[in-house]
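*Asks:* Structure provided below as structure tokens; questions to follow.
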Amino acid sequence: MERFDNLPEMDLMRSEKMGSVQLIMPVESAQRAVLYLGDLGLLQFQDVRISNTPVLFYYEVTGFSCTLNLFIDMLLLNADKSPFQRTFVNQFCFHVYINSQVKRCGEMSRKLRFFKDQIHKAGLMSSARPPLQPDLDLQELEVLLAEHEHELIEMNNNSEKLRQTYNEMLELKMVLQKAVGFLVSSNGHSAAEETELDDRVYSNGDYADSDYADTASLLEQEMRPGPSNQSGLRFISGIISKAKVLNFERMLFRATRGNMLFNQAPTDEQIVDPVSTEMVEKIVFVVFFSGEQARTKILKICEAFGANSYPVPEDTTKQRQLMREVLSRLSELEVTLDAGIRHRNNALSSIESQLPKWTNMVRREKAVYDTLNMLNFDVTKKCLVGEGWCPIFAKPQIQEALQRATFDSNSQVGIIFHAMDDVESPPTHFRTNRFTSAFQEIVDAYGVARYQEANPAVYAIVTFPFLFAVMFGDWGHGICLLMGALFLIARESKLGSQKLGSFMEMLFGGRYVLLLMSLFSIYCGLIYNEFFSVPFHIFGLSAYKCRDTTCRYISIFSFISWIPKWKELLFPMKYLIRTVFFDSDATSIGLVKVRDAYPFGVDPSWRGSRSELPFLNSLKMKMSILLGVTQMNLGIILGYFNARSFRSSLDIWYQFVPQMIFLNSLFGYLSLLIIIKWCTGSQADLYHVMIYMFLSPFEDLGENQLFWGQGFIQAWPFLILMIACLNSDYLLLRVVG
């Protein structure tokens, strides 16, 4: 044990040592001090009144010269109050200022979200290199955002009105094109229309026996002898959605008691509805009727069904003149709309290039004021008191940032920064870089280590990509993955300053993970001898040879050469293809070993053989078991070092020791049997050995015996396992009792 006690501490493998600190800041320099500390990102503020349940607030600005990591505890003593009613805001001298600043930041955030939505709707692409513009303060940015918002709202309103007018003109054009064929001359009506109207009135089964049958129809009255009032025949033309036309016609028929003639024609294409702005399929209709009362009813029905009515003159000359005016108006509206869209896109492009910078600036200011709300006044009401946690190594940097804040704010009183005694458990902080940050995020997704515990991310740098490669195992695909990872790494300075999508941002953040995954995949692929699932004779000739020469060259060459047209063309490629493919026993009595074993990896002759699937599956499965057991042992050993570091003998004897016994009595013994079976070439069934190790631990193993004395030796892991179970039960009873 003395050798273990002299081992060096795992400083690089554990989280940073943290210290509790207190800051006493003059009011005039508090805002700038919080801003500089946020840029530094090495201090976690917490409420000075209560900090039982810390809630982490993390804000990061990427792509600029500063990175803001503000860690805030949001659990307040007066938790029932709003952020504007907290202690700091309620102070007389800062109430108006902080309240207005928080509201200003919220309003600017709303405007920025509005700009983002407008850019997304316009489908604009992000600019690779935004133009350089002078830095703005918060007040100048507020004025600029208000101007842009007013301009965009005005352009949207004008564009919406023009678009609605354009859609109405387009509908009028459709009505003019289709309704002309339904209109009759002023001197009479066609026989077909008279017959149709007569049939609609008198041949409808729904109304044949009703009271409406006694009412004479319009055309019947006109066909009666005597003077007719042809000037009373009127019509309404319009357009309606195709889905509503049946109900619309039925309602018109009932409202007019059948005294109407309904004509319809579909439009040539879908058009945009002026009200809903949706693409719908519409029907042009013309309703002939008589009387002012019927006209009023029809117009109300049109309004209820969302049908748009448009006037169409009866005179042919006026119809042509109206069509020319409509076409001219449509052309003018198209030009105006295109110019408005270009102007709007130019305005949005200028906003889009600066939107990330403005968003980060507003978030940064908002985070500063949120942090100020976590502070408290001292008894003199002239200084703010704050507490938090920081890494021990960061204290000089924090003091330097506080000195800069005092100097830049022209304060006559310096900021007091001193350490405090640790009352609570410190938070966990790991120092990462662009290489290790992705691995740390993978580990944190499963759980964050406690303070000063061993960091699994250090080992995950190797184990995670290697275990992926064991599953992936193809050096052809590994090369493709390597090329993608190298591209991301080579362009990291350029891509890091751009706004990427969610998927590309994930790939870019894990570029070094992809690099190691590709390298390990190439290595495992060479072991498996798989290049896009095809084996190669890279490290020499195969150790096996066919007994029968007819089984050789089972390849794509043998298949294609059956075609006489291609045989002579492909014959010069015979020896090239021969180096890719291999002998196979799939159609013969077996292979014969003619030379030493294949130097590296799987012999290519296994591919296509009758025993390919049992051999390769057994190899990969057993190798995965060995690697998995090794990784689980590593995790338990890390738990031992944690217990040793915290001087917890209880965890060592009642957690580490039972876990090692449980794991290695079962899976450790299985791993030993796998290695022995590989070395001896035995045909023992390991499933049978492991099952009957518990069912019949003292029975003769027979043909499943791998080595002499196996039955006696494997009884010991069984007994040790039983003792460990009893020990754990005894400990559990003592804890419960």
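Those letters in the sequence shown? Residues 21 to 757, per this note's numbering, in order.
Here a beta-carbon is modelled for each residue, glycine too, at the ideal position from N, C-alpha and C.
1) Taking C-beta to C-beta, are Glu354 and Tyr186 nearer than 9 Å?
2) Use the C-beta contact count for Gly498: other C-beta atoms within 10 angstroms, 16 or more gives buried, fewer gives exposed.
3) If I measure Cβ to Cβ from Ile291 and keep anything under 8 Å in the same chain, skipping five residues before and after, which residues do I get?
4) Classify Cys500: buried if its beta carbon has 16 or more other beta carbons within 10 angstroms, exposed otherwise.
5) If you follow the alpha helix (DSSP H) that Leu508 is part of, which residue opens it and which one closes it?
6) Does the stretch 429-447 come close enough to the stretch 54-61 to have 3 or more Cβ pairs within less than 8 Å?
7) Which partner residues of Val355 appear in the DSSP bridge assignment?
8) Exposed or buried, which one is Tyr595 when buried takes at least 16 other CB atoms within 10 Å?
9) Could you tell me whether the Cβ of Val346 comes closer than 9 Å to any Cβ of chain C?
10) Can you tell which of Val47, Gln42, Arg52 and Glu48 has the C-alpha that lies nearest to the C-alpha of Phe65?
11) Spell out the partners DSSP gives Arg349 in its beta bridges.
12) Could you spell out where the alpha helix (DSSP H) holding Trp698 opens and where it closes?
13) For Ala275, which of helix, strand or coil comes out of DSSP?
14) Pair every Cβ in the stretch 270-279 with every Cβ in the stretch 339-354, then say whether three or more of these pairs are closer than 8 Å.
15) Starting from Val195, follow its DSSP beta bridges and name the residues at the other end.
16) What are the boundary residues of the alpha helix (DSSP H) that Gln64 is part of?
17) Write down the C-beta distance between Leu172 and Ala367 rounded to the nearest angstrom, noting that I regard them as a contact closer than 8 Å.
18) In chain order, what residues of the same chain have a beta carbon less than 7 Å from the beta carbon of Asn684, not counting five sequence neighbours either side?
19) Excluding the 5 residues flanking Ser669 on each side, which residues of the same chain have their C-beta closer than 8 Å to its C-beta?
20) Under DSSP, the beta strand (DSSP E) around Ile324 begins and ends at which residues?
21) Between the stretch 528-546 and the stretch 486-497, do at least 3 Cβ pairs fall closer than 8 Å?
22) Assuming the contact rule is C-beta atoms closer than 8 Å, Phe758 and Gln419 should be a hit. Round their C-beta distance to whole Å, please.
23) Can you name the residues that DSSP bridges to Ile259?
24) When the Cα atoms are used, what is the spatial distance from Pro772 to Pro555?
25) Does Pro411 pass the burial test, meaning 16 or more other C-beta atoms within 10 Å, or should it be called exposed?
26) Run the CB neighbour count on Leu165, radius 10 Å, all protein chains shown included, and call it buried at 16 or more, exposed below.
27) Helix, strand or coil for Tyr471 per DSSP?
28) Under the three-state reduction of DSSP, which class applies to Glu407: helix, strand or coil?
29) For a test of the three-state rule: what should DSSP assign to Lys519, helix, strand or coil?
30) Rounded to whole angstroms, what is the Cα-Cα separation between Lys262 and Ala314?
31) Could you tell me whether the stretch 375-387 touches the stretch 128-142, where touching means 3 or more Cβ pairs closer than 8 Å?
32) If you compare alpha carbons, which of Lys401, Val709 and Phe732 is closest to Asn724?
33) So which of Gln197, Met381 and Leu392 has the shortest CA-CA distance to Thr336?
34) Which same chain residues end up closer than 6 Å to Leu658 when comparing Cβ atoms and leaving out the 5 residues on each side of it in sequence?
35) Answer yes or no: do Phe559 and Gly628 have a C-beta to C-beta separation smaller than 9 Å?
36) Tell me which same chain residues have a C-beta within less than 7 Å of the C-beta of Arg451, skipping the five on either side of it?
*Replies:* In short, the structure shows the following:
1) The criterion of a C-beta distance shorter than 9 Å is satisfied by Glu354 and Tyr186.
2) Here Gly498 is buried. Its C-beta has 16 or more other C-beta atoms within 10 Å.
3) For Ile291, where only same-chain residues beyond five positions count, the Cβ hits under 8 Å are Asn187, Leu190, Glu191, Met194, Met299, Val300 and Lys302.
4) It counts as exposed.
5) Here the alpha helix (DSSP H) through Leu508 covers Trp495 to Ala510.
6) No contact exists between the stretch 429-447 and the stretch 54-61.
7) In the DSSP output, where bridge partners are listed per residue, Val355 has none listed.
8) For Tyr595, the predicted structure reports a pLDDT of 41, less than 50, and the residue's modelled location is therefore unreliable. A value from the coordinates is still provided. Counting Cβ neighbours within 10 Å, Tyr595 comes out exposed, since fewer than 16 surround it.
9) In the structure shown, chain C does not exist; there is a single protein chain.
10) When only C-alpha atoms are compared, the closest one is Gln42.
11) Under DSSP, Arg349 forms no beta bridge with any residue.
12) Boundaries of the alpha helix (DSSP H) harbouring Trp698: Tyr689 to Thr700, taken from the DSSP string.
13) When DSSP states are grouped into helix, strand and coil, Ala275 belongs to the helix group.
14) Verdict: no, contact absent.
15) Beta-bridge pairing links Val195 to no other residue.
16) Here Gln64 belongs to no alpha helix (DSSP H); instead the beta strand (DSSP E) covers Gln64 to Gln66.
17) The C-beta distance from Leu172 to Ala367 rounds to 7 Å, short enough to meet the 8 Å contact threshold.
18) Closer than 7 Å at the Cβ level, and outside the excluded window around Asn684, lies no residue.
19) If the five residues before and after Ser669 are omitted, its C-beta is found closer than 8 Å to the C-beta atoms of Ala663, all from its own chain and listed in chain order.
20) Checking the sequence, you will find Ala at residue 324 rather than Ile. Counted as a single uninterrupted DSSP element, the stretch harbouring Ala324 is not any beta strand (DSSP E) but the alpha helix (DSSP H) occupying residues Glu312 to Phe325.
21) The stretch 486-497 and the stretch 528-546 touch, with three or more beta-carbon pairs separated by less than 8 Å.
22) Since the first residue shown for the chain is 21 and the last is 757, residue 758 is missing from the structure and cannot be characterised.
23) Answer is Val304 and Asn328, bridged to Ile259.
24) The requested residue 772 is not part of the displayed model; the chain covers only 21 to 757.
25) Buried.
26) Classification for Leu165: buried.
27) Coil at Tyr471, not helix or strand.
28) Glu407 falls in the strand class under three-state DSSP.
29) Look at Lys519 here: in three-state DSSP terms it is coil, with no helix or strand label.
30) Going by the C-alpha atoms only, they are around 23 Å apart.
31) Yes: the two stretches touch, three or more of their Cβ pairs being nearer than 8 Å.
32) Minimum Cα distance to Asn724 is reached at Val709.
33) Ranking Gln197, Met381 and Leu392 by Cα distance to Thr336 puts Gln197 first.
34) The residues are Ala474.
35) Contact flag unset, no.
36) For Arg451, where only same-chain residues beyond five positions count, the Cβ hits under 7 Å are Glu36.
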